[in-house]
Amino acid sequence: MQAVEHLNAAGLHEPARDIAQIAQNLRRELEEHMKREQAEAHEREARHHPEMKARAELEEMRQQMHKMAEQIEQLRMELKKRAS
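Everything in the sequence shown is counted per the numbering used here, starting at 66 for the first residue and increasing by one.
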């Protein structure tokens with residue numbers, strides 16, 4: 066980014082813009098690569114530890130049940146309001 070600043074200061078705006086775009090693309094690719102690496106590591110760990118996978122699935126089900134309970138409560142309140 067410092068090179069971009071120097072190029073802009075020198076009045077070379079087009080090359081500065083091109084370098085900024087390249088840097089942005091590289092940063093995005095690096096982030097995507099890191100995400101893939103993390104996902105693969107998590108998947109490898111889950112395969113080696115089925116217990117962890119089961120716990121993660123159980124936690125997901127708990128969250129879904131909690132959301133359903135909230136929705137049921139909202140519906141109950143709406144019905145109560147309509148009945149009044």
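Built from N, CA and C at the ideal position, the CB exists for glycine as well. All values derive from a computational prediction rather than experimental measurement.
Practice task
Return the chain-ordered ranges of every beta strand (DSSP E) run that is complete within the region 85–144 and spans a minimum of 3 residues.
Solution key: none
Practice task
Pull up the CB-CB distance for ILE84 and ALA68, whole angstroms please, since I reckon it's below 8 angstroms.
Solution key: The beta carbons of ILE84 and ALA68 sit about 6 angstroms from each other, so the pair counts as a contact at 8 angstroms.
Handout entry: 6 angstroms CB neighbourhood of GLN128 in its chain, flanking five on each side removed
Key = none
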